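Numbering (our numbering), first residue to last: 350 to 441.
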């Protein structure tokens with residue numbers, strides 16, 4: 350498994366898989382992982398092959414991509430709901 354993490358195309362393939370999952374489950378979560386994986390693949394292509402550093406970079410790239418996507422697209426209008434009545438209220 351460690352040898353696979355040091356190959357650039359494995360990270361790019363993981364990014365493609367995350368992008369496909371994002372198409373199936375649109376939530377902007379997997380898109381951040383996809384961007385993080387592709388950027389990590391580019392870093393591996395440039396020569397960094399230390400697995401702990403790659404995992405750290407993947408986590409940081411994914412977090413930065415998620416935050417950037419959230420700031421760019423924002424929350425959907427129907428995503429927040431406010432309930433005024435509780436189902437357990439016994440007002441008849």
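Ideal Cβ positions, reconstructed from N, Cα and C, are used throughout, including at glycine.
In this text the structure is predicted, and so the values were computed from the model without any measurement.
What separation, rounded to the nearest whole angstrom, lies between the Cα atoms of residue i and residue j?
i: residue 381; j: residue 437; result: 39 Å
i: residue 388; j: residue 370; result: 18 Å
i: residue 395; j: residue 357; result: 9 Å
i: residue 365; j: residue 386; result: 9 Å
i: residue 367; j: residue 383; result: 5 Å
i: residue 410; j: residue 435; result: 41 Å
i: residue 433; j: residue 350; result: 51 Å
i: residue 415; j: residue 352; result: 27 Å
i: residue 330; j: residue 418; result: A query on residue 330 cannot be resolved here, the shown segment of the chain reaching from 350 to 441 and no further.
Any beta carbon from chain D within less than 7 Å of residue i's own beta carbon?
i: residue 364; result: Protein chain content of the structure displayed is limited to a single chain, and chain D is not contained in it.
Roughly how far, in whole angstroms, is the beta-carbon of residue i from the beta-carbon of residue j, given that I think they are within contact range, below 8 Å?
i: residue 355; j: residue 392; result: In fact, because the Cβ distance is near 11 Å, the residues do not count as touching under 8 Å.
i: residue 403; j: residue 397; result: 7 Å
i: residue 361; j: residue 390; result: 4 Å
- Query: Taking only runs of the alpha helix (DSSP H) that begin and end inside the stretch 365–417, which ones reach a length of at least 4 residues, in chain order?
  - Reply: 378–395
- Spell out a yes or no on whether the stretch 404–422 and the stretch 366–382 are touching, meaning 3 or more CB-CB pairs, one atom from each, closer than 8 Å. yes
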